[in-house]
Every structure is written in structure tokens, then in C-alpha cells.
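Per my numbering, residue 1438 is the first one in the sequence shown, and the count goes up by one each step. In this text, a Cβ means the ideal position worked out from N, Cα and C, and glycines have one as well.
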Amino acid sequence: MTPLPPAPHLPGRNPRPDPAIFADALTGLEALSPEALAVSPAFQGGLSAFRAGYYWEAHEFWEGIWSALPQASAERELMRGLIQLANAGLKRRMGREAAAARILPLAEAALREGFRRGGESVMGLDRRQVAGLEARIQAESAL
């Protein structure tokens, strides 16, 4: 598992983490199948970062996954939703509630579309697990 920085990155408030912490997890993603991407260090690192409240870092991990997935796939839609969810959490934590309120419906729509296309489980996540991630963002407050 990729170690996270001592504190979550908040743009404009603390230094950006060293990109080297993401490098190993993000190498070679474009050669992996969606099934392999779902268990990759980048995907799992993003989940761990998100669950720990490291939203900017989760986005960094997941962006590489998103770009490696096939266009118009259930997996890509789910990743788009997760990335937007992380962005909404970051905005909410930064006290930018209007931005979070604008992004959350986009995240929810992409997540719904991912499950519509992919069924009950996409990238190893089911609707209940994703609802738990969404609930975390709903409960997030500014620092």
C-alpha cells in the first residue's frame, strides 16, 4: 500500500505532496484490463486515501485509472463519479460549499450511470459501498 502524506493536501493551504508517492501505483495502468485496474495499487490506493479523508490524493490515484479505462464503459463512468465525489469532498473541506453543491449531483449521476451500465458491482464496488462513500462526503465539514 502506498503511504499517504502526513496530512491531506488542501490546495493553497499546504504544500502539494511529492508526486513520487503516486509514481509506482500509476505506472503501466494503460496496459491493464478493467478487471486488473479494479485490483491495482492505484485503485486501491485511491479507495484508502478517500476513506482516510485524503480527497486530493484519491483523485490523483484515480485519474490514471479513469484515463486507462475504455470509453463509454461502466467502469469509466464509475471512476468519473468517484473522482467527482473526491473533488466534492475536497471542496467541502475547503469551505467551498457552492462548488461542492454543484459537483455532487454530477458525481451521483455518473455513479448511477456506472451501475446502470455495469450491474450491481462495478470495479469491485457495489451500490451499498458507494453509498457509504457518498455519505462520507455528505458528512464532511470544512477545516
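Under a three-way DSSP split, which group does residue i fall into?
i	result
Val1476	coil
Ser1485	helix
Pro1454	coil
Pro1471	helix
Glu1577	coil
Gly1501	helix
Gly1490	coil
Gly1449	coil
Leu1444	In the sequence on display, residue 1444 carries Ala and not Leu. Looking at Ala1444 - three-state DSSP - the assignment turns out to be coil, as it is neither helix nor strand.
When you compare only the Cα positions, how much space is there between residue i and residue j?
i	j	result
Pro1442	Pro1542	29 Å
Ala1468	Phe1480	15 Å
Ala1505	Ala1576	31 Å
Glu1550	Ala1509	10 Å
Gly1569	Ala1546	16 Å
Could you check how far apart the C-beta atoms of residue i and residue j are, in whole angstroms? I think they sit under 8 Å.
i	j	result
Gly1555	Leu1515	7 Å
Trp1503	Arg1517	6 Å
Q: Output the residue ranges of the beta strand (DSSP E) runs that lie fully inside the region 1521 to 1568 and measure 3 residues or longer, sorted by chain position.
A: none
(Q) Pairs of beta-carbons, one from the region 1522 to 1536 and one from the region 1485 to 1494, closer than 8 Å: are there three or more? (A) yes
(Q) So, does the region 1494 to 1505 touch the region 1453 to 1468, judging by three or more C-beta pairs under 8 Å? (A) yes
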